[in-house]
Amino acid sequence: MLDLTASNPTQAALDYPAEAIVRALADPRALLYDPQPAGMWSAREAVAAYYGERGVAVSPERILLTSSTSEAYSYLFKLLCEPGDEILVPRPSYPLFEYLAALESVRVQQYPLLYDSPDEPLSGPEARAQWMLDLPAMESLITPRCRAVVVVNPNNPTGSFLKRAQWERLLHLCAAHGLAVLSDEVFADFALRPDLRRLATVIGDPPVLCFAMSGLSKVAGLPQMKLGWIAVNGPATLRAEAIERLEWIADTYLSVGTPVQCALPRLLSLARDVQRAIGVRTAGNLALLHDVMGAQSPFRPLDVEGGWYAPVEAPRVRTEEEWALDSLRQANVLLQPGYFYDFEREAFLVFSLLTPPDDFAEGIRRVSRLV
Numbered sequence: 048m049l050d051l052t053a054s055n056p057t058q059a060a061l062d063y064p065a066e067a068i069v070r071a072l073a074d075p076r077a078l079l080y081d082p083q084p085a086g087m088w089s090a091r092e093a094v095a096a097y098y099g100e101r102g103v104a105v106s107p108e109r110i111l112l113t114s115s116t117s118e119a120y121s122y123l124f125k126l127l128c129e130p131g132d133e134i135l136v137p138r139p140s141y142p143l144f145e146y147l148a149a150l151e152s153v154r155v156q157q158y159p160l161l162y163d164s165p166d167e168p169l170s171g172p173e174a175r176a177q178w179m180l181d182l183p184a185m186e187s188l189i190t191p192r193c194r195a196v197v198v199v200n201p202n203n204p205t206g207s208f209l210k211r212a213q214w215e216r217l218l219h220l221c222a223a224h225g226l227a228v229l230s231d232e233v234f235a236d237f238a239l240r241p242d243l244r245r246l247a248t249v250i251g252d253p254p255v256l257c258f259a260m261s262g263l264s265k266v267a268g269l270p271q272m273k274l275g276w277i278a279v280n281g282p283a284t285l286r287a288e289a290i291e292r293l294e295w296i297a298d299t300y301l302s303v304g305t306p307v308q309c310a311l312p313r314l315l316s317l318a319r320d321v322q323r324a325i326g327v328r329t330a331g332n333l334a335l336l337h338d339v340m341g342a343q344s345p346f347r348p349l350d351v352e353g354g355w356y357a358p359v360e361a362p363r364v365r366t367e368e369e370w371a372l373d374s375l376r377q378a379n380v381l382l383q384p385g386y387f388y389d390f391e392r393e394a395f396l397v398f399s400l401l402t403p404p405d406d407f408a409e410g411i412r413r414v415s416r417l418v
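Take a look at the structure:
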């Protein structure tokens, strides 16, 4: 049985600096309890330094720690919404928003991502179809109860980054309707190729409230460490009020463990090694996918810019569910159908690029032979 759905990097046969990670947790400060709602200053400085290494300036005062990105969403829904309010979320995307919103008595409205030709026409080898926000459809969904727009940059599972041109139009739309932006940037370090048109992060001084979210789960490939963060951006008065209220929310939970906060500077310094290992794995598997399911294949891999997953359009001789079940029964391959991620039409399959290369190669060959 070959599992092509892997999402846990700690079980993907990757090389980790294991001894250094364990040493990072052996900090005597972990024996003391000194709760700070926004998180320890040294940990928030480490997050600011992480962005600084990427050419992004953000003050530790604008950073608030959470136990995960999911908890970050929970805090932001509490901050921005009353029961019955609405949040706009992308489709296709990771199927978690509806559950997180429901737990806060908030409704989600899905705006589509379109797979089409580029916003800015290209020529030569860079001319390719790509995913874009459907901004007119997004605007049509805005009601008086709408409070924010979620963007996932890069998206999961499409692997598509937000482009600067669309970002400017999105900011204009949000400013016109008084909406905040929640930017999930957990896969931002895993770009598969350079692109100057790409928006790396929403951190900066936008004209509306913008919240950038990330954490150790993806940045360092350490989901078990349970530490994420929110970077708050926007006009100074709104930003200060949002930070004050977020600290009040966080103070009611104090959920981030002291040991991982003490270890955070060291864990972030080790993240580059893990990211390189993941990058080699995902790039190699993506190249293999295009070789096996390339021009002569009835399968069509969609363009992927970053992240850990690759969507593939399958021949419509089966439904997505039939593809997934037949792959399991006839080829002993576990994969995910597109409807898990709310793809709008048939038939898409989603492959994890984290899969160990030998398993990945054999798995996609088995699936391709099912035609």
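Residue numbering for the sequence shown is 48 to 418, as defined by our numbering.
Where is the CB? At the ideal position from N, CA and C, for every residue including glycine.
Residue j beta carbon less than 8 Å from that of residue i
i, j, result
"residue 339", "residue 415", "yes"
"residue 293", "residue 111", "yes"
"residue 470", "residue 107", "Look at the range of the chain in this structure, 48 to 418, and you will see that residue 470 is not part of it."
"residue 407", "residue 51", "yes"
"residue 354", "residue 234", "yes"
"residue 308", "residue 90", "yes"
"residue 134", "residue 195", "yes"
"residue 200", "residue 356", "no"
"residue 333", "residue 239", "yes"
"residue 177", "residue 237", "no"
"residue 226", "residue 255", "yes"
"residue 302", "residue 116", "no"
"residue 378", "residue 413", "yes"
"residue 197", "residue 137", "yes"
"residue 352", "residue 261", "no"
"residue 348", "residue 335", "no"
"residue 188", "residue 156", "yes"
"residue 243", "residue 214", "no"
"residue 61", "residue 324", "yes"
"residue 132", "residue 192", "yes"
"residue 320", "residue 56", "no"
"residue 105", "residue 278", "yes"
"residue 425", "residue 153", "Nothing in the structure corresponds to residue 425, since the chain is present only between 48 and 418."
Buried/exposed call for residue i, threshold 16 Cβ in 10 Å
i, result
"residue 48", "exposed"
"residue 220", "buried"
"residue 327", "exposed"
"residue 367", "buried"
"residue 78", "exposed"
"residue 102", "exposed"
"residue 168", "At residue 168 the pLDDT is 46, less than 50, meaning the model places this residue with poor confidence and gives no usable figure here."
"residue 99", "exposed"
"residue 399", "buried"
"residue 305", "buried"
"residue 269", "buried"
"residue 358", "buried"
"residue 388", "buried"
"residue 53", "buried"
"residue 58", "exposed"
"residue 274", "buried"
"residue 343", "exposed"
"residue 383", "buried"
"residue 248", "buried"
"residue 80", "exposed"
Residues that DSSP places opposite residue i in a beta bridge
i, result
"residue 309", "BP columns for residue 309 are empty, so no partner."
"residue 31", "The first residue shown for the chain is 48 and the last is 418, placing residue 31 beyond what the model contains."
"residue 113", "275"
"residue 258", "229 and 279"
"residue 399", "356"
"residue 195", "134 and 227"
"residue 238", "353"
"residue 154", "133"
"residue 178", "162"
"residue 210", "245"
"residue 348", "359"
"residue 380", "49"
Residue from the options whose Cα sits closest to the Cα of residue i
i, options, result
"residue 297", "55, 70 and 86", "86"
"residue 396", "314, 253, 82 and 361", "361"
"residue 402", "207, 153, 329 and 115", "329"
"residue 211", "186, 188, 237 and 250", "250"
"residue 163", "180, 154, 155 and 151", "180"
"residue 147", "160, 178, 122 and 161", "122"
"residue 231", "255, 276 and 242", "276"
"residue 205", "285, 104 and 385", "385"
"residue 127", "404, 258, 159 and 80", "258"
"residue 67", "284, 267 and 405", "267"
"residue 84", "228, 156, 299 and 97", "299"
"residue 253", "301, 280, 188 and 150", "280"
"residue 158", "216, 185 and 324", "185"
"residue 150", "156, 248, 130 and 214", "130"
"residue 72", "404, 314 and 411", "314"
"residue 109", "410, 241, 282 and 132", "282"
"residue 161", "343, 392, 376 and 344", "392"
"residue 114", "272, 291 and 369", "272"
Notebook entry, point to check: Which residue spans inside the segment 66-92 form an unbroken beta strand (DSSP E) run of at least 3?
Noted result: Those beta strand (DSSP E) runs which fall completely within the segment 66-92 and span 3+ residues do not exist here.
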